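Count the sequence shown with my numbering and you get residues 283 to 533, in order.
For every residue, glycine included, the Cβ atom is placed at its ideal position computed from N, Cα and C.
Predicted, not measured: the structure shown is a model, and the values here were computed from it.
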Amino acid sequence: MFGKSIYVQENPALVGGSPQSVHEQLWAQGLRRRLQIRGGIAAAALILGTVAVAFWFGLLAAALAAGIDALWHWRQRLASSVWRKGQRGERRTARVLRLALEWRGYKVLHGRSVPGRGQIDHLVIGSTGVMLVDNRAVPPETEIAQYRGTLYIDDRPGGKVAAELREMADKTAEMLRERLGDDIAVEPVAIVWGGDLRRGHVGAEGVTILRAHRLSGWIRNRRARYTPEQVAAIFDAATRLPISRQALIVR
């Protein structure tokens, strides 16, 4: 008799009635409406292009307008893929760090544990500082912004999320200080997959929130703080942080 494996956990995101499942149903139901709007945009571009220049230009304008609309929806769909699959984005962020930073001399650790605080997805150590990178996957309609230094998630204060990341970063800095004997500042960074992140970069309440494709540039453009020797010493101390189960996911 066939049944579910006791060794493989069921993904809640793929169960009927989950937010992801409802989102998929609504997306499928909206296909006809999206095609109608795209057709209307193309028709308007065809008419305007033909009147303004010539029929061939109208056809070109219609194809371009329809293509831009299709590209916009594809990018929206792609941005929410991590959340729709019930993932957090650890593997994708690890790939970004490996391809964009490690060959530049930055050291990256994945899946370390902070006793009493949780798990570190990624710890980036380089000349520009030590960054604790956490992953967050949210629904595509979630708005993330800051107002007068306060973090807002869907118009609700996001202070609790920011506090959790700051506490984890502070605890990590404390553990590194115990091993090195020097003060080390660890900066909390959240990588958001999905959602509506204004300008692709939000800084509030001591936490920096970025899109993954902006992460490497943000890290490299910071002021240099450590020499190669100091980076090596910090990395050696960081390797002694407890390994969490998360490390098996991102490797």
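Check: In or out: alanine 347 buried (at least 16 other Cβ within 10 Å) or exposed?; Outcome: buried
Check: Once the 5 residues before and after arginine 504 are set aside, which same chain residues still bring their CB inside 7 Å of it?; Outcome: Thr410 and Gly411
Check: In the DSSP output, what is glutamine 428 paired with across the bridge?; Outcome: Leu433
Check: Quick check: what's the CA-CA separation for methionine 283 versus proline 421?; Outcome: Here methionine 283 scores only 33 on pLDDT, less than 50, and its place in the model should not be relied on; the value that follows carries that caveat. So the alpha carbons of these two residues sit roughly 37 Å apart.
Check: Sort Val415, Gly477 and Val396 by Cα distance to arginine 359 and report the nearest one.; Outcome: Gly477
Check: Run through DSSP, which three-state label would serine 526 get?; Outcome: coil
Check: Put proline 478 into one of helix, strand or coil per three-state DSSP.; Outcome: One point to set straight first is that residue 478 is aspartate, not proline, in the sequence displayed. Correct three-state label for aspartate 478: strand.
Check: Glutamate 372 by DSSP, collapsed to three states: which one?; Outcome: helix
Check: Per the DSSP calculation, histidine 404 is bridged to which residue(s)?; Outcome: His392 and Val415
Check: Have a look at glutamate 469 and leucine 414 and give me their C-alpha separation to the nearest angstrom.; Outcome: 6 Å
Check: Which residues in the same chain as alanine 382 place their Cβ atom closer than 7 Å to its Cβ, once the five residues preceding and following it in sequence are excluded?; Outcome: Ser498
Check: Candidates Ala455, Met457, Gly408 and Asp465: which alpha carbon is nearest glutamate 511's?; Outcome: Gly408
Check: Roughly how many whole angstroms lie between the Cα atoms of isoleucine 516 and alanine 486?; Outcome: 27 Å
Check: Glycine 340 and leucine 353 - do their beta-carbons sit closer together than 8 Å?; Outcome: no
Check: In terms of residue numbering, what span does the beta strand (DSSP E) encompassing isoleucine 466 cover?; Outcome: Taken as a continuous stretch (DSSP letters only), isoleucine 466 belongs to no beta strand (DSSP E), as it is neither H nor E.
Check: Which value, in whole angstroms, describes the spacing of the CA atoms of aspartate 465 and methionine 457?; Outcome: 10 Å
Check: Have a look at alanine 344 and tyrosine 388 and give me their C-alpha separation to the nearest angstrom.; Outcome: 47 Å
Check: Identify the residues that DSSP records as bridge partners of histidine 355: which are they?; Outcome: Answer is none; histidine 355 lacks a bridge partner.
Check: Based on Cα-Cα distance, which residue from Glu449, Val390, Thr521 and Thr490 lies nearest to arginine 418?; Outcome: Thr490
Check: With a CB to CB cut of under 7 Å and the five nearest residues on each side skipped, what residues in its chain are close to alanine 427?; Outcome: Tyr434, Arg480 and Val484
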